Every structure is written in structure tokens, then in C-alpha cells.
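Working notes, beginning with the structure itself.
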Amino acid sequence: MRDPYRVIVVEDDLDVAGYTQKVLELKLGCVVRSYADPTRVRQAIAEFKPDVVITDIQMPGMSGLDLIEQVRAEQPGTPIILMTAHPSIDYVLTALRNQANEFLTKPISSRDLCAHVNRLAKDARATRDRSPKNSVVLAIGAHPDDVEVGVGGILAAHREAGNPVTILTLSRGARDGGVKTAWTEGSASARIIGARLLMEDVAELELRPEFASEAIAKAITETMPTIIYTHSVHDRHQDHRTAHEATLAAADEVGTVLGFQGSTATVDFTPNRFVSIDDFAQAKLAMLDCFAKSQTRPRVLNPDLVLATASYWSRFGDGSYCEPLEVVREVVGAN
Numbered sequence: 105m106r107d108p109y110r111v112i113v114v115e116d117d118l119d120v121a122g123y124t125q126k127v128l129e130l131k132l133g134c135v136v137r138s139y140a141d142p143t144r145v146r147q148a149i150a151e152f153k154p155d156v157v158i159t160d161i162q163m164p165g166m167s168g169l170d171l172i173e174q175v176r177a178e179q180p181g182t183p184i185i186l187m188t189a190h191p192s193i194d195y196v197l198t199a200l201r202n203q204a205n206e207f208l209t210k211p212i213s214s215r216d217l218c219a220h221v222n223r224l225a226k227d228a229r230a231t232r233d234r235s236p237k238n239s240v241v242l243a244i245g246a247h248p249d250d251v252e253v254g255v256g257g258i259l260a261a262h263r264e265a266g267n268p269v270t271i272l273t274l275s276r277g278a279r280d281g282g283v284k285t286a287w288t289e290g291s292a293s294a295r296i297i298g299a300r301l302l303m304e305d306v307a308e309l310e311l312r313p314e315f316a317s318e319a320i321a322k323a324i325t326e327t328m329p330t331i332i333y334t335h336s337v338h339d340r341h342q343d344h345r346t347a348h349e350a351t352l353a354a355a356d357e358v359g360t361v362l363g364f365q366g367s368t369a370t371v372d373f374t375p376n377r378f379v380s381i382d383d384f385a386q387a388k389l390a391m392l393d394c395f396a397k398s399q400t401r402p403r404v405l406n407p408d409l410v411l412a413t414a415s416y417w418s419r420f421g422d423g424s425y426c427e428p429l430e431v432v433r434e435v436v437g438a439n
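Heads up, this note's numbering is the position in the sequence shown plus 104, with the first residue counted as 1.
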């Protein structure tokens, strides 16, 4: 017999909170904790480890949309249901961008509520059960957004599995505003999945192999990764190739090194692993949405192109969306 699902309800309307808690307890046998004060929820998540969080949008002190970021930081991958009595298309879009799993309009029938909670909790537990538990991930990109373009969905999956993820960006790229803008954008993206960001202050096309190798070696010493994701060598951009070669030079003791498809990968890119990101495609889009806010956005960040690319690669893998990888090196049995 399975353990009962654990649910946190965040709702300042005591009648709605009471109704939601009773329905879930009586009909699904859930263990439910209710909070009228959203500022108490982060600590509750750390202690209670919920399978699902249900929250209102408009509450005193903190909105449900703001609460999502705290939930993701404390327990990545937790399914979140947003509720509101005032639906609008703007709310729906904002909820999706903030990675809510469901958006429900009050009043909510007991049947619909139970169906959503049961499905999300069941799927979340299944994902945790089949995910590797002991991986430590270092993802290396030459410029801001390189890692997110290549393996944003895979990194989101790692974080849901509880794997530590560090993103190393070897330069500030060509961002307007220099390293400050690059750091602001990269940090916002990393926060969406609860990853850590490391960044070097080097201009685009000024990335030198010795410097890149030193920065990567330092990150490896600090994070002790079991898996590294880096650029494929099959790429037109010299910084991308430098990142790949520097990774190989610095990571000789890391068991698994995988090359991702960068924004300027050539037709020689030949992936031999295709990882489904069906559950994490929206997380990837949200990460990419953090970049190039104050300038003309490159086509590679266009959501339609991102999804179309992932859809194409899925023909070689499972599901609707996949991210492709070249296996550079892999230790059999390593996480």
C-alpha cells in the first residue's frame, strides 16, 4: 500500500482552505497541511516534503506566483496548482511562465480537484523513483544561454531528481550591459530550476583555451561532478569549440562527459543519445525567456523554434520532445 500523498494548501480564505483540505483527506486519503500565511510555506516544504502544493494567487504578503519560486528553490520539481477566483488570460500565461503545473478557477469541484492532485502526485513520485539519485552535474557553456539552449530541459530533470546542478558560463558574451546584465539574466534562469551559476568576465571571441581550462578545472574541484555537459566540438563558433576542448583537457577524471547541440552547431553534430524532456519543456522555455530582455532576441531563443527542434529530435527518442547529446565519454554504471 502506497504512502498517502502529502499536500500543502496555501489559502488565506479559511472556508476555501477548509474545503480543499477536507476533500483531499476524505476522498484521496491525503495528509494535508494548510497555511494562510505564505511566508511560512518554505520552511514547511523543507520539513513536510509535499507531493503537491496548492496555492491561491492573490494573498497578503506574497502572491502565489512569487511563492512558486520559493517552492522550486526548496524542493525542485514539486507539482504546483494555482487557484484563483478571477481568471484571465494574463494570469494563465504568467502562471505557465512561472511553471505552475495547473491553473484552476474557483469554485473547484471536488472531482476535478482530486483528479488533478492524484495525477500530479502520482507522476511526481514515478519520476523520482526512476531518476538517478546520486548524480552531480556541471553544465559548461561559452556564453550566457548556451547551456539552456542545449540542455535546459535535462538540467530541470536533474534538479527534480534532487541532483545538484552547477552552470558554468565561461564569458559574458556580447550582452548589452556587460557582465552585470549577463549575470542578472543567467542568475534568473538558474533560479527557475534551483541551479547554481558560476560566471567568468570575458568578452565574446576573447575566450582563450588556457583560461577556459583553468576555470573549468576550478569548477570541477569545487563541485566534484559525476556528469559534465558541454558544447559539441561540431560547432562553427570558436568559443564553443574552445569550451569543448578545454573541458576535455580539464575533466579527464570525470566519468561522464556529454556534448550538447549549441546554437551554431554544424551538420556534423551526430547525437547518439536522445533524452525526453516532455515534463520539462516549459521549464526550458522559462529559462530561455530570462535572456536578451533589453535587446533584439536571437532566433534560437524563439519558443516555437525551441519546441520544433526538440520535436524533431524526438523521432529518435521517446515522447514529444527530446534534447540530443553526443556521448564523449561515459563510465558504465555511473549515475
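From the three backbone atoms N, C-alpha and C, an ideal C-beta is built for every residue, glycine too. None of these values were measured; they are calculated from a predicted model.
Assigned exposure category for residue i - 16 Cβ within 10 Å defines buried
i	result
Y416	exposed
K388	buried
S317	buried
D155	buried
T334	buried
E434	exposed
T400	exposed
V431	exposed
T374	exposed
G437	Confidence at G437 is low in this model, with a pLDDT of 44, below 50, so its placement is unreliable and the value that follows should be read with caution. Per the 10 Å Cβ criterion, exposed.
N267	buried
L128	buried
I293	Sequence inspection shows Ser at residue 293; the Ile mentioned does not correspond to that position. S293 is buried by the Cβ-count criterion.
G263	As written in the sequence, residue 263 is Arg, which differs from the Gly given in the question. Under this definition R263 is a buried residue.
T325	exposed
A230	exposed
R133	Correcting the residue type first, residue 133 is Gly in the shown sequence and not Arg. Exposed, because fewer than 16 other Cβ atoms sit within 10 Å of the Cβ of G133.
L409	exposed
L429	buried
Distance, residue j Cα to residue i Cα
i	j	result
A299	V136	29 Å
S239	P211	42 Å
A355	D250	19 Å
C394	N222	32 Å
E206	E151	24 Å
D372	F315	27 Å
V145	V114	8 Å
V404	E289	16 Å
M163	A225	24 Å
V358	T209	49 Å
A414	Q386	12 Å
Q179	A228	12 Å
L169	A353	43 Å
T360	I320	15 Å
T273	G254	13 Å
T124	Q147	21 Å
M303	K322	12 Å
S291	I297	11 Å
A347	T143	42 Å
R110	S138	11 Å
M101	G181	Nothing in the structure corresponds to residue 101, since the chain is present only between 105 and 439.
E457	T351	Because the chain spans 105 through 439 in this model, residue 457 falls outside it and cannot be assessed.
R279	P407	20 Å
D328	S398	The residue you asked about is not Asp; residue 328 is Met in the sequence shown. Cα-Cα distance, rounded: 35 Å.
L130	S213	14 Å
D119	L392	39 Å
Bridge partner(s) assigned by DSSP for residue i
i	result
A307	G277
P407	P407 is not bridged to any residue.
D160	M187
C426	S380
Y333	A243, L362
V269	V241
L301	I271
R433	V361
D339	A369
Any C-beta of chain B under 7 Å from that of residue i
i	result
R300	Looking at the structure shown, chain B is missing, and only one protein chain is on hand.
Review point. Quick check: the segment 416-427 against the segment 362-380, are there 3 or more CB pairs under 8 Å?
Key: yes
Check your understanding: At what residue ranges does the segment 198-262 contain a whole run of the beta strand (DSSP E), taking only runs of 3 or more?
Key -> 206-209, 241-245
Practice item. For the segment 282-291 and the segment 330-350, state whether three or more C-beta atom pairs, one from each stretch, are separated by less than 8 Å. Key: no
Practice item. Assess, as a yes-or-no matter, whether the segment 147-165 is touched by the segment 176-185 under the definition of 3 or more beta carbon pairs within less than 8 Å. Key: yes
Practice item. Note down, one range per segment and in chain order, each beta strand (DSSP E) of at least 3 residues found wholly within the segment 352-387. Key: 360-364, 377-380
Practice item. Count the C-beta pairs between the segment 295-311 and the segment 212-220 that are closer than 8 Å, then say yes if the count reaches three, no if not. Key: no
Exercise for review: Tell me the start and end of each unbroken beta strand (DSSP E) in the segment 111-157 that is at least 3 residues and wholly inside, in chain order.
Suggested key: 135-139
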